[in-house]
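Remarks on the structure that follows.
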Amino acid sequence: VFFALTMTAIGVSQTSALAPDSSKAKAAAASIFSILDRKSKIDPSNEAGDMLPSVKGDIEFQHVSFKYPTRPDVQIFRDLSLIVSSGK
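Below, the structure is given as structure tokens:
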């Protein structure tokens, strides 16, 4: 009986230690689902607008730095240089 009570107490204490992480995960999931459920301002089935001819060539970024305006303290790219070859 003592062993069963001890194991139960350990299980309860470990579960309660995860409660803050569980609430953070729930809030993060709600944020992700709100982004996924958002309606796009662009109608992908609308054929109006200019159609570009087939574009071929390399894409090159040189010394790109980027931060989101809503999170200026978080650096996303710092001095990124990247070449993407045509067809890749």
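Heads up: the sequence shown runs through residues -17 to -1, 1 to 71, numbered per mature numbering (1 follows the signal peptide of the UniProt record, and there is no 0).
For each residue, glycine too, the CB sits at the ideal point set by N, CA and C.
Assignment of Lys7 by DSSP, reduced to helix, strand and coil, places it in the helix class. Beta-bridge pairing by DSSP links Gln58 to Lys50.
The DSSP-derived three-state label of Val67 is strand. Secondary structure of Ile42 (DSSP, three-state): strand.
Here Val67 has Ile42 as same chain residues with Cβ atoms under 6 Å from its own Cβ, once five neighbours each way along the sequence are excluded.
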